[in-house]
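Everything on this sheet refers to the single structure shown next.
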Amino acid sequence: MKASPADQEQLLRLQAIDTRLQQLAHRLRSLPQTAELAALGERDAAVRGRRAEAIGVLEDARTELGRIESDVEVVEKRIARDGDRLTHTSSMKDVQALEAELVSLRRRLSDLEDAELVVMEKVEAAESAVAAIDGERAELAEATAALEAARDEAAGGLGTEREHAERDRGAIAATVPDDLLRFYESLRVRGAGVGAALLRQRTCGGCTITLTGSDLESVRRSAPDEVRQCPECDRILVRTDESGL
146 MKASPADQEQ
156 LLRLQAIDTR
166 LQQLAHRLRS
176 LPQTAELAAL
186 GERDAAVRGR
196 RAEAIGVLED
206 ARTELGRIES
216 DVEVVEKRIA
226 RDGDRLTHTS
236 SMKDVQALEA
246 ELVSLRRRLS
256 DLEDAELVVM
266 EKVEAAESAV
276 AAIDGERAEL
286 AEATAALEAA
296 RDEAAGGLGT
306 EREHAERDRG
316 AIAATVPDDL
326 LRFYESLRVR
336 GAGVGAALLR
346 QRTCGGCTIT
356 LTGSDLESVR
366 RSAPDEVRQC
376 PECDRILVRT
386 DESGL
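The numbering used here puts the sequence shown at residues 146 to 390.
Right under this line is the structure:
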């Protein structure tokens, strides 16, 4: 690949900004509030899981209560119906049968009402459990909001600096030929964020390896507009008056 020495030197400016952006990103990730927020997020996830289980228990209890209430309604209607029939019959046989059935129905109703009270207590307990968990989540949300505000305040200066760096990067990148920029970007991805390095006193600024022997001679013989790469780390070697060639 060919590129003018001036264009190659622009890569050093671009690399300096990319390195700065990496540092800023690391500082943003390393803010103390970031780790605390992650911990709160894990706690909230655990609480959400407990809430889902509590809601399941509550819904089951409400379903059971609804079923019992429906049974109570049916039995009450049958008692009312049999009571009405009892007052309007003159047959002793019917009276005896209806009275026996009413005794059975009232016993059934008593059992259902006892069960209803038990299940109502289960519903109340489940509702209290959900309310307690909701209170816990509200406390977590409040703590999270406070931490986010503190993080945003701490990150404010870093964010502004990042915006300026990104703006400067765009301006410099616009001056670099497209093919050279694409090549630099591909090497930067493979090179842990470093795609170009200054060759200073025959030493690569990317891997700090000093060129010797045939590698050094090859670079010396290269035309100024030839894009050379470090034989060790594969990054673009930008040659200047400091290269010691």
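Ideal placement from N, C-alpha and C gives every residue a C-beta, glycine not left out. Just so you know, these numbers come straight off a predicted model, no measurement behind them.
Quick one: grab the DSSP three-state call for residue i.
i    : result
V202 : helix
T289 : helix
E377 : coil
T353 : coil
T179 : helix
T348 : strand
T208 : helix
H233 : coil
V264 : helix
V192 : helix
G389 : coil
Going by CA-CA distance only, name the one from the options that's closest to residue i.
i    : options                   : result
E221 : S331, A197, L166 and V248 : V248
A161 : S175, L292, L210 and R314 : R314
G340 : S255, C375, R230 and E293 : C375
L182 : E293, L361 and Q155       : E293
A270 : E258, L390 and A199       : A199
P369 : D279, C378, V383 and D216 : V383
Under the DSSP definition of a beta bridge, which residues are partnered with residue i?
i    : result
V393 : Because the chain in this structure spans residues 146 to 390, residue 393 falls outside the shown range and cannot be described.
K147 : E371
Please check the pair residue i and residue j, which I expect to be a contact at CB under 8 Å, by giving their CB distance rounded to whole angstroms.
i    : j    : result
A337 : G350 : Not really, about 14 Å apart at Cβ, beyond 8 Å.
A303 : R172 : The displayed chain sequence assigns Leu, not Ala, to residue 303. Right, the Cβ-Cβ distance comes to about 6 Å (below 8 Å), so this counts as a contact.
L176 : A299 : 6 Å
I224 : L254 : 7 Å
A290 : I213 : With a Cβ gap of about 43 Å, A290 and I213 do not count as contacting.
How long is the line joining the alpha carbons of residue i and residue j, rounded to whole angstroms?
i    : j    : result
L169 : L157 : 18 Å
A316 : A286 : 41 Å
A277 : E284 : 11 Å
T355 : V372 : 18 Å
A206 : R196 : 15 Å
S367 : K147 : 11 Å
E266 : R252 : 22 Å
A242 : L210 : 31 Å
S149 : E306 : 31 Å
L231 : V268 : 38 Å
R174 : E330 : 23 Å
V264 : R188 : 31 Å
L390 : D324 : 26 Å
A319 : Q153 : 13 Å
S388 : E377 : 17 Å
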